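Q: A single structure is presented below for examination.
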Amino acid sequence: MAKIEQLEGELIQFDSLSPSERYRAMVESIVPRPIGWISTLSPEGVINLAPFSYFSGVGSRPPLVMVSIGRRKKGVDEPKDTYRNLLETGKGAISIPTLSQWREVDKTGAVLPSSEGEPEKFGIEMIRLHPDYPPIVKGVHRAFLVSLYGTFDREELATIPFFLKIDHFYTTGKEFQPLARLGSGYGGVSPILEEE
Ligand SMILES: Cc1cc2nc3c(=O)[nH]c(=O)nc-3n(C[C@H](O)[C@H](O)[C@H](O)COP(=O)(O)O)c2cc1C
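Using this note's numbering, the first residue of the sequence shown is number 69, and each one after it goes up by one.
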């Protein structure tokens with residue numbers, strides 16, 4: 069770790085950090101992060117819902133978003149339900165949570181058995197917009213119904229980028245306060261600054 073002359077900071081060789089130190093450095097620097105609240109259906113028909121903050125828009129021609137999903141459930145030697153369901157069904161719904169939904173978002177980060185869905189377990193009401201896609205979370209102002217476009221799967225990756233194509237866009241047309249991930253907590257986004 070070298071002190072840099074005339075600067076307050078230090079330059080850290082990223083490989084010298086442990087995976088959890090690297091994670092912290094990234095999530096505390098890349099802020100705010102939007103949250104994709106992703107619902108999927110298991111082949112058995114269980115509705116699964118989980119938040120993802122390694123989530124971003126990629127481009128609009130074709131309209132793609134990216135979500136990076138850990139291969140395994142924490143402490144359980146099984147794939148994450150979202151990971152498995154997207155690969156098996158090819159369909160998902162991404163609800164964009166509002167600030168007031170932060171507690172529900174946080175709860176749905178829980179590790180549950182695949183046979184148990186978070187909406188049912190936590191009493192989160194879901195609404196089906198289209199028969200070919202999973203339902204979205206009731207009360208959100210924006211959502212995307214998506215199809216799996218491709219993954220970037222390499223053996224050394226613990227977290228796999230999934231590219232999802234937007235097939236349908238749901239909007240109430242109303243302004244809303246999006247929920248952001250700030251480090252390991254949550255917050256809102258400050259008012260938009262624009263020249264008059
Ligand atoms: C706010 C928040 C953001 C998260 N972001 C991610 C992420 O980007 N990638 C990931 O693999 N897990 C992320 N997680 C953890 C997953 O939500 C968690 O592993 C969840 O249990 C996965 O659920 P599933 O097995 O039902 O798919 C996040 C959790 C929270 C609370």
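Yeah, the Cβ is synthetic: ideal placement off N, Cα and C, and Gly gets one too. For clarity, every value in this text was computed on a predicted model and none was experimentally measured.
Let me know if Arg-249 comes out buried or exposed under the rule of 16 or more other beta-carbons within 10 Å of its beta-carbon.
A: Per the 10 Å Cβ criterion, buried.
Q: Mind checking whether the beta-carbon of Tyr-122 lies closer than 7 Å to any heavy atom of ligand 1?
A: Yes, since a heavy atom of ligand 1 falls inside the 7 Å radius drawn around the Cβ of Tyr-122.
Q: Do you know whose CA, among Leu-180, Gln-169, Pro-147, lies nearest Ile-103's CA?
A: It is Gln-169.
Q: Does any heavy atom of ligand 1 sit closer than 7 Å to the C-beta of Val-179?
A: Checking every heavy atom of ligand 1 against the Cβ of Val-179, one is found closer than 7 Å.
Q: Report back the beta-carbon spacing between Ser-252 and Leu-232 to the nearest angstrom; my notes put them in contact at under 8 Å.
A: At roughly 25 Å, the Cβ-Cβ gap does not stay under 8 Å, so Ser-252 and Leu-232 are not in contact.
Q: Please state whether DSSP places Arg-196 in a helix, a strand or coil.
A: In this structure, Arg-196 counts as coil in the three-state DSSP scheme.
Q: Less than 7 Å between the CB of Ala-118 and some heavy atom of ligand 1, yes or no?
A: Flag set: Cβ of Ala-118 near ligand 1.
Q: Kindly confirm or deny that the segment 93-111 and the segment 147-163 touch, where touching means at least three C-beta pairs closer than 8 Å.
A: Segments in contact, yes.
Q: Is there a Cβ of chain C sitting closer than 8 Å to that of Pro-147, yes or no?
A: Looking at the structure shown, chain C is missing, and only one protein chain is on hand.
Q: According to DSSP, simplified to helix, strand and coil, what is Thr-240?
A: Looking at Thr-240 - three-state DSSP - the assignment turns out to be coil, as it is neither helix nor strand.
Q: CB-CB under 8 Å to Gln-36, same chain, minus the five flanking residues each way: which ones, in chain order?
A: Nothing can be reported for residue 36: it is not among the residues displayed for the chain, which extend from 69 to 264.
Q: For the 8 Å Cβ check, are there 3 or more pairs between the segment 73-86 and the segment 144-156?
A: With the cut-off at 8 Å, the segment 73-86 and the segment 144-156 do not touch.
Q: Ligand 1 and Gly-138: does any heavy atom of the ligand fall closer than 7 Å to the residue's C-beta?
A: Yes.
Q: Answer yes or no: the CB of Thr-157 versus the heavy atoms of ligand 1, is any distance below 7 Å?
A: No, Cβ of Thr-157 sits at least 7 Å from all heavy atoms of ligand 1.
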